[in-house]
Each structure stands twice: as structure tokens, then as C-alpha cells.
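A quick write-up on the structure given underneath.
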Amino acid sequence: MLNRRNFLKGSSSTLALSLFEPYLKDITHQKSPWRVALIGTGWYGKSDLFRLMQVAHVDLVGLCDVDRHQLQSAELLIRERSKNPYRIPTYSNYKELLRQQQPELVIIGSPDHWHALQAIDSIKAGAHLYLQKPISIDILEGEEILAAAKKYNQVVQIGTQRRSTHHLIDAKQNVIEAGLLGKISHVEMCCYYHMRANKQPQIQVIPDHLDYENYVGPAPYRPYDGSPHRGWWRALMEYSNGIMGDMCVHMYDTVRWMLDLGWPDRVYSTGGIYVQKDSKANTADTQTAIFSHADLNCTWQHRSWGTPVDPEYPWGFFIYGEHGVLKGSVHKYEFISNDGKVESSQDVLFEKEKYPEDIDEKDIELHVAAATRNHMLDLLHAIETKSKPVADISQGHISTASCIMANLSMKLGRPLTYDEQLHVVTNDKEATQLLKRDYRKGWMHPYQKG
């Protein structure tokens, strides 16, 4: 059962607790277990589910995946983890899961190209959501998720858990909001991880355990060339938004949250495949983007080759003010004054003593676990108090759509401005046509207005 008292008692940082009071105050206690379903039982879907199970009483009513082997192994692992002797209902079709089980809360951990349809259908079925980023493959899909959440009054938390990361909350409150940087006039964000899958897999026979037709779903069909799971689909624009939609969305969302920024006035991006040309991967290995706000540019740079500019922050942000710079990442932050002195800093919070099962969990991102648990608590708090979570769908939509705009700008070679009221790119009919991706024959895009 979600228990605020036990949560507070078990934390290792008094400061971190005080920072989380706004998210945990007035939390109520649901007497019955949360009826939860997971769509997409791969690496991060299970990871998100495990974090929820650590902070709430969960009745797992269904698992869904188009890969039977992955689904079966996930069901066994989750039962072992929860010490549940009973089989968890499994499905290859998420609509059947929603219809038969009617979950209260759905975690969506499928590839990007499935997020919108699964999110909208889950909302219509009466479920609240924990939806992984980016929320959509195109911008108008995102508009429809946002519209559905408003219409059906469901809470949607996006997996941009930097907003629930202890040390970054400290930086927001005790550096940014305390005014230590002074006037802020520039932001740099980056990712220099060698994370792009560079390979030339051969066309293969589709294995019997994989419903590949349903895996592809509304996306363009690609001949099957090996397992679509984990890293490979992220290297394909058919199923993802590239490194921009995977990594920039996190850092730009963090910066917007820290600085209270809304939609950018303009987005301009350049890049392409400059180095890693010997691969089927079609995502950019090099990309620069500028998100323009009033008197402030937020710039992004990624390279999936070479070395990072700052080895301490290979994936992070740098917020520049008149009195110094705030450096931040998933691992730590530092406020460095203009004379080079580290005025304040804080490292990531680990909770290994409180949650010893973290240590043995396969592929866990230990540095993210505490933040995701807090993100789950914040979601449940929002559901119970009928309020907005810290990473509400409206915020996730801005961050996702802005990164998609960067990809469109790179493709078209010009700056773009999105009109969120009219759902068009201002004075650009060609770009407006690209806000809605063509769905494969037999599938209907959720956005049908106009």
C-alpha cells in the first residue's frame, strides 16, 4: 500500500525529503490495490513497473506484448519479484487487455510509434497512464493524447523523471529559484553517448513467437531483419524520433521545468548522418538544434561518435547566468561561479539500503531508480487528489513536439514555429503537412480534424 509515513521514514536524505513535500503532502490512501496493466514488457516497461511495485500495493491484472517469448519471460520474472503464485493474464492485443481487465492504471513501455494509439485507447477505457517519452511519433498524435486526457479527465504522467530527481529538485530550488545565477541568458544541452545501433542486419524469416505485423502496426513496414527490441528500433525513424526524441526530450524538458519555459518561439536544427554511414540506421548521428525563447536560446548538440566536450557531463545541461553556470546531469549537479569556485553541488540519491532488490535487478539504471519511484508516487498523488502530476501530459507534449519540430526543421532546412492553438506551422504549408505522419494502409491516424 502507498504509505507516505514509511516513504518518509525510509529515505536517506532529510534535504531530499523536504524538497519532495510539495509532491507528497495531503496524499490519501487507497484501501484496495491499484489495478495495473503493462503494455510493452521489454527492458524499461518492466523497470517502470518494478518501481511502482516498490511504492504501491499493486494488483497486476494484465501484461501485453507482441513477442510471446518476451511476454512469457516477463510474466515469470514479475511473478517471482512480487512473490505471486498465480499466473498473470497475458495478451498479444492490448485492446483485449483493456476490454477484459479494465485496469485503473496502465504503464506504456512500447516503442515510440505505438505510444499514441495505446495511450488514447487506454484513456478511453478509463485508465490513468504512465506513458514513456516521447509521447508520440508525430505532433498531431500528441495533440490527440492531450485532448483525450482532458475529455475523459484522466491523469497522464510522462516518463520524464528528471522532474522527480532529488538532486535536480535541489538545484531548481536552491540555485535557480534562489537567484544565485542572476539573469539567465543561455542554455546548452548535449548527449555524446555512443548509443546509435550501427549494423547491417540481413533480412530474416519472421519467428513464430513474434507478431511482426502487429509490431509494425501503423508505422511504415520494414522487412524483418532481426529482433526489433532494445537498441535497434531506436536507430530507425520508422519507429522512433531518433536521439533527439530519446535524449534531448529529457534534457529540454528538464530545462523547461527548471526555468518555467513554455513553447519555444522558434526551432531550428541541422544535422544528419555525417560519420556512421555503414549502417541501416537512418537516425542522425550528428545534430544541433536551437529552441528559441524570449531573450534565451536553449541549444542542443548530439554526436554518437567522438568524445564529449565535458567528460563529467556527457549527457546533461549547462544553464549560464550572469554569476556562473549550473551544470546538471542524471548523476549530479554543480553550481560554479564565474571565478571557477564550486559554490554548491549534490550527487544522485541511491536507495540501496531501503530497496536492496535494486542491486540484483538485471539492467537496472540504479541512478534513476529513486527518481522513478518518486515519479510514481507523484502520479498516484495526482490521481488521488485529482491534480496534475509534475510531468503532466501537457508538459510532455511540449517537450516531445519541440523535439519533433527539430527533426522536421533538419529535414526541411529552415526554422519552424508551431502554433499550438491552430495546430499548424506558422506560414509553412509544407511543414504543416508533416505534423501528421501517414499511417500504413488499414490504420487510421487519431487526428482527423480539418
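Residue 471 in this note's numbering sits at position 425 of the sequence shown; the count goes up by one each step and never skips.
For each residue, glycine too, the CB sits at the ideal point set by N, CA and C.
Legend entry - Beta-carbon gap between G88 and Q118 smaller than 8 Å: no
Inset, instruction - May I ask you to report which of helix, strand or coil DSSP gives Q100? - result: Of the three classes helix, strand and coil, the one that applies to Q100 here is helix, per DSSP.
Legend entry - Reduced DSSP category for E67 - H, G, I as helix; E, B as strand; rest coil: Because E67 sits at a pLDDT of 48, beneath the cut-off of 50, its placement in the model cannot be relied upon, and the following sentence gives the value as read from the coordinates. Residue state, collapsed to three classes: helix.
Legend entry - Helix, strand or coil at Q146 according to DSSP, with G and I counted as helix: In the three-state scheme derived from DSSP, where H, G and I count as helix and E and B as strand, Q146 is classed as helix.
Legend entry - Alpha-carbon spacing of L123 relative to D257, whole angstroms: 22 Å
Legend entry - Short Cβ contact (8 Å threshold) for P435 with Q203: yes
Inset, instruction - Tell me H497's beta-bridge partners as DSSP assigns them. - result: It is not possible to answer for residue 497, since the shown part of the chain is limited to 47 through 496.
Inset, instruction - Going by DSSP, name the residue or residues bridged to A83. - result: G108, V152
Inset, instruction - Report yes or no: do three or more beta-carbon pairs, one from the region 206-223 and one from the region 334-353, lie closer than 8 Å? - result: Result no; under three Cβ-Cβ pairs closer than 8 Å.
Legend entry - Helix, strand or coil at D409 [DSSP, three-state]: coil
Inset, instruction - Any chance you could list the beta strand (DSSP E) runs of at least 3 consecutive residues sitting entirely within the region 167-197, in chain order? - result: Listed in chain order, they are 174-177.
Inset, instruction - Spatial neighbours of S182 within its chain, please: CB distance less than 7 Å, with the 5 preceding and 5 following residues excluded, ordered by chain position. - result: H161, A162, G188, I191, T446
Legend entry - M451 (DSSP reduced to helix, strand or coil): helix
Inset, instruction - Keeping to the same chain, check which residues put their C-beta closer than 7 Å to that of M283; ignore five residues upstream and five downstream. - result: N328, T329
Inset, instruction - Figure out for me which residue from I153, D292, G205 has the closest Cα to the Cα of C237. - result: Checking every option, the nearest Cα to that of C237 belongs to D292.
Inset, instruction - Under 6 Å Cβ to Cβ from W80, same chain only, skipping five residues before and after it: list those, please. - result: A102, V104, E150, L151
Legend entry - Integer Cβ distance of N287 from C449, believed to fall under 8 Å: About 6 Å separates the CB atoms of N287 and C449; that is less than 8 Å, so the two are in contact.
Legend entry - Under the three-state DSSP convention, the category E358 falls into: coil
Inset, instruction - Would you grab the beta carbon distance between V394 and H174 for me? Rounded to a whole angstrom, and I think it's under 8 Å. - result: Not really, about 28 Å apart at Cβ, beyond 8 Å.
Legend entry - Other residues of its chain near F96: CB distance less than 7 Å, five sequence neighbours each side excluded: R127, E407
Inset, instruction - Count the other C-beta atoms from every protein chain shown that fall within 10 angstroms of the C-beta of N139, then say buried if there are 16 or more, exposed otherwise. - result: exposed
Legend entry - Sufficient close CB pairs (3 or more, under 8 Å) joining the region 299-316 to the region 459-479: Output reads yes: the region 459-479 touches the region 299-316.
Inset, instruction - Provide the residue span of the alpha helix (DSSP H) that contains M235, from first to last. - result: Looking at the DSSP string, M235 is not in any alpha helix (DSSP H); the run it does join, the beta strand (DSSP E), is 230-237.
Inset, instruction - Decide if the region 330-342 is in contact with the region 376-385; the criterion is three or more beta carbon pairs, one per stretch, under 8 Å apart. - result: no
Inset, instruction - Can you give me the Cβ contacts of M235 inside the same chain, cut-off strictly under 8 Å, excluding the 5 residues immediately before and after it? - result: C294, M297, Y298, V301, C344, T345, W346, Q347, G362, F363, F364
Inset, instruction - Buried or exposed for W279, please, with buried defined as at least 16 other CB atoms from any protein chain shown within 10 angstroms of its CB. - result: W279 counts as buried, since at least 16 other C-beta atoms from the protein chains shown sit within 10 angstroms of its C-beta.
Legend entry - Residue burial classification, R419 (beta-carbon count within 10 angstroms, cutoff 16): Label assigned to R419: buried.
Inset, instruction - For I204, write down the residues that DSSP places opposite it in a beta bridge. - result: I204 is bridged to L177.
Inset, instruction - Output the distance between the C-alpha atoms of G30 and Q100, rounded to the nearest integer angstrom. - result: Missing from the structure shown is residue 30; the chain here goes from 47 to 496 and no further.
Inset, instruction - With DSSP as the reference, please indicate the residues paired to D393 in a beta bridge. - result: Looking at the DSSP assignment, D393 forms a beta bridge with K378.
Inset, instruction - From the DSSP output, in three-state form, read off G277 for me. - result: coil
Legend entry - Three-state secondary structure (DSSP) of H491: coil
Inset, instruction - Count the other C-beta atoms from every protein chain shown that fall within 10 angstroms of the C-beta of S455, then say buried if there are 16 or more, exposed otherwise. - result: buried
Legend entry - Neighbour-count burial assignment, P131, 16 or more Cβ in a 10 Å radius: exposed
Legend entry - Coil, strand or helix - G91 by DSSP: helix
Legend entry - Euclidean distance between Cα positions of L468 and T478: 11 Å
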